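Novice: Below are the structure tokens for one structure; questions will follow.
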Amino acid sequence: MFFGEFEYKIDEKGRVPIPPKFRRELGKEGVILASG
15 MFFGEFEYKI DEKGRVPIPP KFRRELGKEG VILASG
């Protein structure tokens with residue numbers, strides 16, 4: 015489980031960028047994001 019706070023903007027296609035550190039750890043697995 016990852017914890018952290020990052021400020022990113024949603025792009026024009028409705029996507030949220032994932033910080034590079036998290037992407038490296040996730041590899042090709044899926045991810046579920048929750049607002050909180």
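Counting with the numbering used here, you get residues 15 to 50 for the letters of the sequence shown. For glycine and all other residues, C-beta sits at the position ideal for the given N, C-alpha and C. Since this is a predicted model, take the numbers as computed values, not measurements.
1. Could you give the first and the last residue of the continuous alpha helix (DSSP H) run that contains residue 36?
2. Are the CB atoms of residue 34 and residue 20 within a distance shorter than 7 Å?
3. Go through its chain and collect everything with a Cβ distance to residue 18's Cβ below 6 Å, but skip five positions before and after it.
Specialist: Per the coordinate set shown:
1. On the sequence shown, residue 36 is found 22 positions in, with the first residue counted as 1. From DSSP, the alpha helix (DSSP H) with residue 36 extends over 34 to 40.
2. The count along the sequence shown starts at 1 and reaches residue 20 at position 6. The count along the sequence shown starts at 1 and reaches residue 34 at position 20. Going by C-beta atoms, residue 20 is not nearer than 7 Å to residue 34.
3. Counting from one through the sequence shown, the residue named residue 18 turns up at place 4. Counting only Cβ-Cβ distances below 6 Å, and skipping sequence neighbours, we find nothing.
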